[in-house]
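Trainee:
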Amino acid sequence: MLGECEKCADEAIGFNDDGEALCSECLFEQTCEELFSDEWEDV
6 MLGECEKCAD EAIGFNDDGE ALCSECLFEQ TCEELFSDEW EDV
């Protein structure tokens, strides 16, 4: 067990690029934001 998610206090399942422990939902949300944020800036 990795401990608690640093954003919502659920059980962490992995780490982001900054070394923060995140749960599956927060990790998924952050990944989506990183992948698609540049695409929407020009709209």
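Residue numbers (the numbering used here): 6 to 48. Cβ atoms here follow ideal geometry from the backbone N, Cα and C, with glycine treated the same way.
1. Taking only the alpha-carbon atoms, compute the straight-line gap between leucine 32 and phenylalanine 20 and give it to the nearest angstrom.
2. So, with DSSP's three-state summary, where would you put leucine 27?
3. What residues match up with glycine 19 in a beta bridge as DSSP calls it?
Mentor: Looking at the coordinates:
1. Here residue 32 is taken as the residue at index 27 of the sequence shown, counted from 1. Here residue 20 is taken as the residue at index 15 of the sequence shown, counted from 1. Roughly 8 angstroms between the two C-alpha positions.
2. Walking along the sequence shown from the start, residue 27 turns up at place 22. Leucine 27 falls in the strand class under three-state DSSP.
3. Numbered from 1 along the sequence shown, position 14 holds the residue referred to as residue 19. In the DSSP assignment, glycine 19 is bridged to Leu27.
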